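For the sequence shown, UniProt numbering gives the first residue as 1, with consecutive numbering after it.
Heads up, the beta-carbon is just placed ideally off N, CA and C, and yes, glycines get one too.
In this text the structure is predicted, and so the values were computed from the model without any measurement.
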Amino acid sequence: MPRAVLTDAEGTRALEAAGTDLKYLLSRHEVSIDNQKLFFHHGVTTLEKLSNFAKDREDLTAVLKEHWELDSERTLDERVQVAAIVCAFSNAKTRSQRAAEVDAEYDSLQWSRPVVAGEWAAMRSALEKRYGYLEDKIYPAKEYVEKKLAEVESGEYRAEELTEIVSKEESEPETVVPIWDSKGRLAMKKGSTKVQEPANAEELRKRLTVWKNAMVMISLKHSNRHELQGTWEETVEQYKDYLLGDYVYGLCAKDAEGQTFAAPPWKLIIAYEKALKRQFACSQRVGLMEQPEDLGRTSNDRIPGHQPASMWQFVQFEQLLAMQGVKTVVFAQQDFGTSSPKPTRFLMRLFAPLHPAMHEGPPQFDGNGWYLGPLPRRSGGAPLIGKHQGVFKTAKSAAWPPALCRWTAWALLTSFLQEWSGGSEFSKKRKAEDDLGAQKKAQKKGSEGAVPYGPTGSGGRRPSALLQVERVGRPISRWRRTGFTREVALRQEEEVETEAFRMAKGGESFRLVRDEAFLRKIRQVLGEKLDIPVQSEPEAGQPFFLDLLKRVLEKAGDPDWEFLEEAKTGLPVGVLGDLPRTPKIFEEQLRWNLEGEDWGEAVWQKSNYVSAEEHERYLVEHLEQEVSEGLMVKMSEEEFIRTFGHNRAVAALAVLVEDELTGKRRVIHDGTHGVKVNHRIRCRDKVRMPGPREKRALLEEYEEEHLTVLSLVGDFAKAHRRFKYRREEQGFLACKAASRSEVVYVNQVGTFGIASTPYWWARLSAALMRAVYWVLGPSFPNDMLLYADDLEVLTVGRVGRIGGVLAFSFMAALGAPFKWSKQRGGLITEWIGLTTDYKLYAMGISQRRSAWIVEWVGSLRARKEVTYREFAAGLGRLGFTALALPWEKLLLGPLYAWSAAIQSNKGAMTIPWAIQFILDWIAQRLGSDGRLEQVRRPRGTARAPLRIWTDAKATESDAWIGGWLEESPSSTECRWFSLKITEVSAPWL
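Written out as structure tokens, the structure reads:
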């Protein structure tokens, strides 16, 4: 068998999967890094696995020779490597055997397992590699790391006292003390060091740093434990800043003069920190336990008063029920699909709504021990007593029915997500919001539930035109009354919600929104409920059901539905006539990029760019594919001239290679240069799209209300080519695969590179989204963001997730051409180059954009020069970054000033040190922890805005600038400043 050859990515993943102690052992014996990666790649990631990898040395050398092509008899280098691996193998066997004996001994003594010297050295080395040299006062003591390591490996995390967090500087020599164990026997217990509680803020910060460093060491050892990975280190730093910042330690009461007259005592702060950790340790746990119901006394005549034993009779059951958030329910598995009742009880800490078949409360009995409830008596069902064909009848009921499995998985996942957003109190709040009767309050801005909105009502706030969820946990009964398909109508809400998680996962896991029968039923229900004709097929040459969309918007009183009638046959390009104005939807566009430029010298044909000539074969295949899809028509040049006369233009094409690795290419139709088609188009409606600012505003709202958000991201396939242009203006949309060719390709639909194309797509997609908002109404609130062809639907809570699935379903039913292969989502998503973490309410730029900026700045530093064109392009990316990360915005002023100053220069220019300094700082911030930023709306009462009045004066030799702060109605009582600028102080002027 040939030796496996790993890619760089596979090698990196292999190194990340291996335990620190195994890496240390192999490195100490000088096993090459390539051979280490092979071990880890094939699953040998721990010392125990290595020790059992082969029966003995002979077996090991045979495996290395056959599978890894390491032959000790071939070359001296291979002989050395085989020897190194054999040494590591022998050492691992000895260590594993000894470790097993030590584990057994320490378990019997109830001691924490000691960390052996090799493991400790490896953990220290990994910690110092990450943070560099650490002083003993913040270096965790070995005994403390051992104690935390035992918690991690057992899965029993606890909130320890601050006196138990011990640094290396505070550690005392190990001692053994006698104790009496729980069985009354005298045993020996390993002693532990305890220190004094922190006496001030600096000591508390140091103690928490020791705890963080200990957990870092453990996380580096257990790199495969998901709970120890991620951004928790940042969370610890934020926790320290929270405790020792203005919210706790600095929370002081001040008098009118600003003097502090009350502050929280230090003991209260320590108690608060302890309570926080305990609450966190408890609140982060969700769980469920199942046992048969305690049915009390039986009617067995042979054993009078017989009452079988049950775990629900234990006193610990009552103690657990007294804990916050813990409850117990009983149900019959027959309600989930089994043939027999099989009464079953759950003890659980979950915050999802209960299933309708579940009854809450402990078992109740009368004075004689007969069962009273809460599970009602039922008859029927196959008894589970005895055998059938030699097999006990209970065998087939051993596994839960599928419906119960689905509910349990959904409830666990929902509870976990809600715990991330505030625990049980949040869950209760969401449950109250989800009670969707006639009095449901789903409007975010305080609208009345039953009052209809006017034609210009905000999206997502209207009463639902079709659907109402009557009660949490019940089937979506209104759907059933309106005739939705059985696949959805008879499902529980949680099953529809589960589709949202499938859509977030992507791939082939979701199916509801792609079910053509379901989409046809949606169109049928729309027609029946709104009393409008049902459109069975989309318009010819277009994916949208334009007539149905038009009638839905007309029924809703939308101000922009009439243009959809024109869209059936073709929309104007804007060359032969003016484009329309839609004042009720769009602002007026008053300026255009090509305004004032003469198009009188336009040519009717422009040769293709060099990139198109280099990719001519691809271009021909691409255009032929467009013809086969009905997006273009192919004709001879003679026919083209005869058909369109003077109303024609053959634009130049370019081919842009977007990704060298995948070979992804984009064809650009240049309607500006040469043919000057765009010079003649004036879009009179101003198109705006949501971006980083809008996303940030939504995050502030979510953070303020502590909402759980699940994002669903979709992509419209060929969005700009999904509507028709008028036949008489299609001649202005022509092109050729090769300039010398006599064949002309004429676009019949929207064309990327024509000025009116993004306008018509924006107008059509906006109409689609308004229709969906109106149909769903406030019963299923969500926020939809559409930038060009990239859609993000932000769903809040359980009902929001159901609404997210419905939003995609309605858009698909109306013909939206989604590219389902790009469907994705989750709690951390990327959209238009932005990365958003909805768990932390943080946003910023994507890893790819950040890496590009860091690499670009590094290349500038190496070259020390740049052209204006390159600098302007990089500055554009930095400008986009500043929209997502406001901290960067203030730094861009000097960069824009220098860019404007060199605009007319030719060739490369030396970069000033100040510009390079700013760029380096930005790159360093993005490369460390500055790519994402937590969003938080300012708290407290808003201050009155400050007004500063300034003015300037200049002569040929001097200049002055001055101003005053408006603190009083009388300017004589306001503070002011004045500064004279001379040639000496500012020689560059």
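Check whether residue i and residue j have beta carbons under 8 Å apart
{"i": "residue 999", "j": "phenylalanine 89", "result": "Absent from the structure is residue 999, since the part of the chain shown begins at 1 and ends at 989."}
{"i": "leucine 656", "j": "leucine 619", "result": "no"}
{"i": "glutamate 169", "j": "aspartate 136", "result": "yes"}
{"i": "alanine 816", "j": "phenylalanine 977", "result": "no"}
{"i": "leucine 878", "j": "leucine 890", "result": "no"}
{"i": "glycine 361", "j": "proline 374", "result": "yes"}
{"i": "valine 805", "j": "methionine 503", "result": "yes"}
{"i": "histidine 673", "j": "lysine 606", "result": "yes"}
{"i": "valine 857", "j": "aspartate 920", "result": "yes"}
{"i": "arginine 726", "j": "glycine 541", "result": "no"}
{"i": "lysine 148", "j": "methionine 215", "result": "yes"}
{"i": "valine 326", "j": "arginine 345", "result": "no"}
{"i": "aspartate 685", "j": "tyrosine 787", "result": "no"}
{"i": "valine 552", "j": "alanine 771", "result": "yes"}
{"i": "isoleucine 754", "j": "phenylalanine 780", "result": "no"}
{"i": "cysteine 974", "j": "tryptophan 964", "result": "yes"}
Residue burial classification, residue i (beta-carbon count within 10 angstroms, cutoff 16)
{"i": "leucine 910", "result": "The sequence shown places threonine at residue 910, not leucine. Counting Cβ neighbours within 10 Å, threonine 910 comes out exposed, since fewer than 16 surround it."}
{"i": "isoleucine 853", "result": "buried"}
{"i": "phenylalanine 314", "result": "exposed"}
{"i": "tyrosine 133", "result": "exposed"}
{"i": "leucine 372", "result": "exposed"}
{"i": "isoleucine 269", "result": "buried"}
{"i": "methionine 323", "result": "exposed"}
{"i": "valine 935", "result": "buried"}
{"i": "phenylalanine 317", "result": "buried"}
{"i": "proline 2", "result": "exposed"}
{"i": "alanine 734", "result": "buried"}
{"i": "tyrosine 702", "result": "buried"}
{"i": "asparagine 200", "result": "exposed"}
{"i": "lysine 212", "result": "buried"}
Contacts around residue i, its chain only, beta-carbon distance under 6 Å, and the 5 residues preceding and following it disregarded
{"i": "glutamate 425", "result": "A caution first: glutamate 425 carries a pLDDT of 39, below 50, which makes its placement in the model too unreliable to give a value."}
{"i": "threonine 298", "result": "His306"}
{"i": "glycine 574", "result": "Ile681 and Ser756"}
{"i": "methionine 311", "result": "Gln291"}
{"i": "aspartate 71", "result": "Lys65 and Glu78"}
{"i": "serine 611", "result": "Ala654 and Val655"}
{"i": "glycine 731", "result": "Phe644, Asn647 and Arg648"}
{"i": "alanine 352", "result": "Ala411, Thr414 and Ser415"}
Residues near residue i in its chain [Cβ-Cβ closer than 8 Å; skip 5 each side]
{"i": "glutamate 251", "result": "Residue 251 is actually leucine in this sequence, not glutamate. Ala263 and Pro264, listed in sequence order."}
{"i": "leucine 220", "result": "Thr20, Met123, Ala126, Leu127 and Arg130"}
{"i": "valine 86", "result": "Arg57, Leu60 and Thr61"}
{"i": "methionine 843", "result": "Pro692, Lys695, Arg696, Leu699, Leu834, Thr835, Thr836, Asp837, Ala884, Leu932, Glu933 and Val935"}
{"i": "arginine 937", "result": "Glu700, Glu701, Glu703 and Glu704"}
The alpha helix (DSSP H) enclosing residue i, as first and last residue numbers
{"i": "threonine 61", "result": "57 to 67"}
{"i": "lysine 664", "result": "Run containing lysine 664: none in the alpha helix (DSSP H); it sits in the beta strand (DSSP E), 664 to 670."}
{"i": "serine 711", "result": "Serine 711 -> not in any alpha helix (DSSP H); beta strand (DSSP E) instead, spanning 709 to 715."}
{"i": "threonine 643", "result": "637 to 644"}
{"i": "residue 992", "result": "Residue numbering for the chain in the displayed model covers 1 to 989; residue 992 lies beyond these limits and cannot be assessed."}
Extent of the continuous beta strand (DSSP E) to which residue i belongs
{"i": "aspartate 790", "result": "790 to 796"}
{"i": "isoleucine 981", "result": "976 to 981"}
{"i": "tyrosine 745", "result": "743 to 747"}
{"i": "glutamate 658", "result": "650 to 659"}
{"i": "tyrosine 371", "result": "371 to 373"}
{"i": "threonine 950", "result": "948 to 954"}
{"i": "asparagine 608", "result": "Per DSSP, asparagine 608 belongs to no beta strand (DSSP E) and is neither H nor E."}
{"i": "phenylalanine 732", "result": "Where phenylalanine 732 is concerned, there is no enclosing beta strand (DSSP E), given that its DSSP letter is neither H nor E."}
Nonlocal neighbours in the same chain, by C-beta distance under 7 Å from residue i, ignoring five residues either side
{"i": "lysine 664", "result": "Glu658"}
{"i": "alanine 84", "result": "His29, Glu30 and Val31"}
{"i": "arginine 721", "result": "Leu631, Val749 and Gly750"}
- prompt: Can you give, in chain order, each stretch of the beta strand (DSSP E) that sits fully within the segment 515 to 579 and has at least 3 residues?
  reply: The segment 515 to 579 contains no whole beta strand (DSSP E) run of 3 or more residues.
Contained alpha helix (DSSP H) runs [length at least 4] in the segment 830 to 897, N- to C-terminal order: 847 to 863 and 868 to 884
Whole runs of the alpha helix (DSSP H) within the segment 120 to 156, excluding any shorter than 4 residues: 142 to 154
task: Run through the segment 281 to 341 for me and flag every whole alpha helix (DSSP H) of 4 or more residues, listed as ranges in chain order.
output: Restricting attention to alpha helix (DSSP H) runs no shorter than 4 residues, the segment 281 to 341 encloses them at 315 to 321, ordered along the chain.
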